[in-house]
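S.K.:
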Amino acid sequence: MTEVDIAGFGIWSASFADPGEFRAVLAGREVESEGTLKPELIPARERRRAPAMVKMAVEVMDQACKMADLDPAAVASVFGSGMGDMQITDYMCRTLATSPRAVSPTKFHNSVHNASTGYWSIATGSHCPANAVSAYANTVAATLLETSVQALEEDTPVLMAIEELAAPQPFKSVIEVDAPFAAALLLVPPGHSVTPLGSLSLALRPEFVDEPAPPALDDADFSNNFAATILPLLIALAEGQRASVSLPLSRRSTLDVTLEHAAAPATAHA
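With our numbering applied, the sequence shown corresponds to residues 15 to 284, in that order.
(1) Counting only runs that start and end within the stretch 89-137, where is the alpha helix (DSSP H) found for 4 or more residues in a row?
(2) I need the DSSP call for Leu158, collapsed to helix, strand or coil.
(3) Taking the alpha helix (DSSP H) that Gly34 falls in, what are its first and last residues?
(4) How would you call Pro194, buried or exposed, if buried means at least 16 neighbouring beta carbons within 10 angstroms?
(5) With burial defined as no fewer than 16 other Cβ atoms inside 10 Å of the residue's Cβ, what is the status of Phe222: buried or exposed?
(6) Do you know how far the Cα of Val147 is from the Cα of Arg266?
(7) Using only CA atoms, which one of Ala144, Pro33, Pro226, Ala38 lies nearest to Ala242?
(8) Apart from the five residues on each side of it in sequence, which residues of its chain come closer than 7 Å, Cβ to Cβ, to Ala276?
(9) Count the other C-beta atoms from every protein chain shown that fall within 10 angstroms of the C-beta of Met100, then say buried if there are 16 or more, exposed otherwise.
(10) Can Phe23 and Ser47 be called in contact, C-beta distance under 8 Å?
Following this line, the structure appears as structure tokens:
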């Protein structure tokens, strides 16, 4: 059994842009979210060139650090995405197949899987470890396990970010995702946070389970969005409830996760 505390979280979709709007949606209130991405940590000039995937990750990671009142430069990070930046991959394949010399240097630069961690480290001036994980439908479990173990073994806060973009048409046969989603959890060893939002208990089980179907929120359909399989935990965290979820880790193993709520929800930072 592995246990860690949650010091903060971040969340973004086209229907809710931060934890405050997320809680409003859960409470049944109407939210007029612009759905725009303007992560303050990335300078305006760089922000214009940054792909949506980078901006999503940096936005939710910054939200989690603000909620935890921790310096983002002092936090290690683990980034996870099952499919990576499908929009850039689609662009690269189309361009290489038709006009190879026309490939954009900026898009090529942003095509690597760990682009988000690179932007994050540069924007925050962080010299802390920054890892990137990809495990298709098992990405949430793999990223959560990596983050928790690193936090405990290194006795330090570790920031987990997971995200998935809407799939371009060529990818629809592999993953039919229509709604983008990103979330972050700032995990710390037990006792490191004076006012943790809650705690997570993780246990491995040697059998396979299908990934849980993400719930629809405010007319947003997160079906098949691998990152959104964490939503049941985030909903319970935001509502002050206990929750248990089983996440596939491989074809032969499952990660059972239990959330115990510690206190009333912290004030959200827009």
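Think of the CB as a built atom: it goes at the ideal place given N, C-alpha and C, for glycine as much as any other residue.
M.R.: Here's the rundown:
(1) 100-112, 119-123
(2) helix
(3) 33-40
(4) buried
(5) exposed
(6) 19 Å
(7) Pro226
(8) Pro210, Leu211, Gly212, Ser213
(9) buried
(10) no
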